[in-house]
Amino acid sequence: MSLTTVTYKSSTKQRLDMRWLSQAINESINCDAVKNQPLQIGNEESNVGEFFDITGNFSNQPITLENSNQSMDYLGHALKKKTELTVNGDAGHFAGAKLAGGKLVVKGNAQNYAGCGMSKGQIEITGNANDYLGGAFAGDKKGMSGGTILVHGNSGNFTGDLLRRGTIMVVGNIGDYCASRMIAGTITNLGTIGKQVGVGMRRGTILLPHKPKDVLTGFHDCGRHNLGYLTLLLHELRQYKSTFQSLHPMRRRVQRYIGDTTVGGQGEMLIWIG
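The sequence shown begins at -15 in the numbering used here and counts up by one.
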């Protein structure tokens, strides 16, 4: 049960910058002070209290946001360790961006750039995530660098673009250009995957249930392997409540591809056998 609840009470479709909420959570700001903080709505300036009701105290965890929608950007931005935000509804762009140890649960869908630039913590999305999940901010040379993202639905294009470290788990399907320019880390799913998987990939692991329809020429087939370390990876994947728990804990047999050799990459794409 949540000790603190923030309820959205407006119907405006203008985009909302929700970084004020993360600041209030991280710094345990007094609720009355938060209500008087300025809030930019389109080209007009208002205050938080006109659009949100707040009950409880931000020093009490977890925090729940009610009536959220996809116009709310930066939900859970830079949440620190021992902080938790549950979003009942959809999230806008940059949900969980720069997450620094906290936990963000979105009980709905998330728009582009969820988890981009995050370094620690956990993001769970019960619906779908759009493009650039775990990716990088425009102009940055690395994306997600730690933590875990679990998506119970599907993810869009460029999932894990410039991924530096951490784990991305997608129960459903992944779009095109997954693991593009990937530096390290792990991406896995249980559904289908689009085209151009691992283009520009340097290192890291892509673990898939089925071979992609078009394996890039930069990926070389290294045959079938029985990889012992996969039991450790499965232990990590199975600790979260999801369909990944149905995977056998001792499953280790895979077809292994190395690439993207066109950029000197030594990453691996593993396809489950049996």
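Virtual Cβ for every residue (Gly too), placed ideally from N, Cα, C.
- Buried is the label assigned to T189, since at least 16 other Cβ atoms lie within 10 Å of its Cβ.
- For the segment 82 to 148, the full-length beta strand (DSSP E) segments reaching 3 residues or more read 84 to 90, 104 to 109 and 129 to 135 along the chain.
- In this structure, the CA atom of T201 is about 17 Å from the CA atom of I177.
- The continuous alpha helix (DSSP H) containing V18 extends over residues C15 to K19.
- Residue environment: S43 is assigned as exposed (fewer than 16 neighbouring CB atoms within 10 Å of its CB, all protein chains considered).
- Taking the Cα positions, V199 is about 13 Å away from G184.
- Within the same chain, F35, F36, D37 and N51 come within 8 Å of K(-7) by CB-CB distance, once the 5 residues on both sides are set aside.
- Nearest neighbour of I152 by Cα position, chosen from G137, K125 and G118, turns out to be G118.
- With a cutoff of 8 Å on beta-carbon distance, N72 and T48 are scored as near each other.
- Taking each of L218, L254 and G248 in turn and checking the Cα distance to Q239, the smallest one comes out for L254.
- If you ignore the 5 residues before and after G85, its C-beta comes within less than 6 Å of the C-beta of K64, K65, K104 and G105, all in its own chain and listed in chain order.
- Inter-residue distance for A168 and G150 is about 8 Å (C-alpha atoms, whole angstroms).
- Contact between R237 and N210 holds: CB atoms are separated by about 6 Å, below the 8 Å threshold.
- With respect to the 8 Å criterion, N96 and D115 are classified as neighbours on the basis of their beta carbons.
- Annotation for L59: M2, V71, A75 and A79 place their beta carbon closer than 6 Å to its own, counting only its chain and skipping 5 residues before and after.
- Taking C15 as the centre and dropping the five residues before and after it, the same chain places the C-beta of I38 closer than 6 Å to its C-beta, in chain order.
- In the DSSP assignment, I9 falls within the alpha helix (DSSP H) that extends over R3 to E11.
- Closest option to T172, judged by alpha-carbon separation, among H77, I242, V90 and L221: L221.
- In this structure L217 is in contact with T170, their Cβ atoms being roughly 7 Å apart against a cut-off of 8 Å.
- Closest in C-alpha terms to T132, from the list F121, V89 and K126, comes V89.
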